[in-house]
Amino acid sequence: MVSWCAACGADHVIDYTQEDFAKNGKTYDVIIDTVGVATYSHCKQALTPTGCLLLVAADLPAMLQALWISIFGSQKIIVGTAIGKAEDLQFLAKLAEAGLYKPTIDQRYPFDQMAKAHRYVDTGRKVGNVVVVLDHEE
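Quick note: the sequence shown, position 102, residue 101 per numbering that gives the first Met the number 0, numbers continuous.
In structure tokens form, the structure reads like this:
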């Protein structure tokens, strides 16, 4: 995972299985949680005074806390997923055609193994995307 992140252009990568980023004494402008395991209480000391915690997968309590912290604190919490637009997808397609954007596909599952694909995603350990193939012929 660390080498994959570095290959994607990350300047600094922390292996969460080896180090707790929130307890290493460093602070960050932005912390992104893509799988719903980071809480504000765990991350707040690792954020700069005006830092931002981005929660891609947040439950209702986290959303309410985000509103409260963002209104009354100097740090911000942003929750939710991005809103997709057709022109954004067209832009990504052009980047992919030009070889400038290379999506990472972790696993492929046939449609009849949709439940297995969901179980794998729910582990929170996927690297990249999981694709469900509708037509078995590629």
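Virtual Cβ for every residue (Gly too), placed ideally from N, Cα, C.
Given the structure is predicted, the values throughout are model-derived calculations rather than measurements.
Does the segment 107 to 119 come into contact with the segment 89 to 98, if we say contact requires no fewer than three beta-carbon pairs (one atom in each stretch) closer than 8 Å? no
Suppose only complete runs of 3+ residues qualify. What are the beta strand (DSSP E) ranges in the segment 50 to 106, listed by chain order? 75 to 78
So what does DSSP say about D111, is it helix, strand or coil? Three-state result, D111: helix.
For Y108 and V131, believed in contact at Cβ under 8 Å, the rounded distance: 5 Å
Would you mind working out which of G50, F71, T33 and R124 sits nearest A56, comparing C-alpha positions? T33
Reference K75, options L54, G24 and Y119, closest by Cα: L54
Tell me whether C7 is buried or exposed, calling it buried when 16 or more other Cβ atoms sit within 10 Å of its Cβ. exposed
Less than 8 Å between the beta carbons of C51 and A21, yes or no? no
Would you check if the distance between the CB atom of T49 and the CB atom of S69 is smaller than 8 Å? no
For Y15, which of helix, strand or coil comes out of DSSP? Residue state, collapsed to three classes: coil.
K84 versus G127 - alpha carbon distance: 21 Å
Give me, in chain order, the residues of the same chain whose beta-carbon lies closer than 6 Å to that of I13; leave out the 5 immediate sequence neighbours on both sides. F20
Close-in-space but distant-in-sequence residues of the same chain around A5 (CB under 7 Å, 5 per side omitted): Only residues of its own chain outside the window of five on either side were considered, and among them V12 have a CB closer than 7 Å to the CB of A5, listed in chain order.
Compare the beta carbon distance of I77 and A65 with 8 Å and say whether it is the shorter of the two. yes
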